[in-house]
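Contents: one structure, followed by commentary.
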Amino acid sequence: MKSLDLIFRSGVNGNLRHLKLADVKSNLDADAVKAAMQTIIDAKIFVDKDGALLYATPASAVYIDEEDLVLFEEK
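For this note's numbering, count along the sequence shown from 1 and bump the result up by 9.
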């Protein structure tokens with residue numbers, strides 16, 4: 010299963026924050042992902058209790074390809 014980890018810098022202290030999405034398209038290019046990240050930022054829906062943006066600037070985006078390795082399975 011492939012997932013996409015969107016990594017942002019916080020607006021408060023610049024810490025990295027992750028937004029992980031499962032079952033994503035695997036052919037997205039960097040420009041499309043950056044544009045989507047900017048849309049998330051512009052929506053201003055992720056804020057702390059003081060109203061500061063939790064996701065303020067795009068830092069990176071990483072595809073994660075996970076493969077399940079079953080050690081045993083009783084049926």
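Backbone N, C-alpha and C fix where the C-beta goes; we use that ideal spot for every residue, glycine too. Here the structure is a predicted model, which is why all the values come from computation and not from measurement.
Quick check: methionine 46 and alanine 31, are their CB atoms within less than 8 Å of each other? no
By Cβ distance below 8 Å, which residues in the same chain neighbour alanine 70 in space, the five residues on each side in sequence not counted? Here the set comprises Leu13, Asp14, Leu15, Ile16, Ala39, Val42, Lys43 and Met46.
By DSSP, does alanine 70 sit in helix, in strand, or in coil? Under the three-state reduction of DSSP output, alanine 70 falls in the strand class.
For tyrosine 72, count the other beta carbons within 10 Å of its own beta carbon; 16 or more makes it buried, fewer makes it exposed. Which is it? exposed
Measuring CB to CB, does alanine 52 end up less than 8 Å from arginine 18? no
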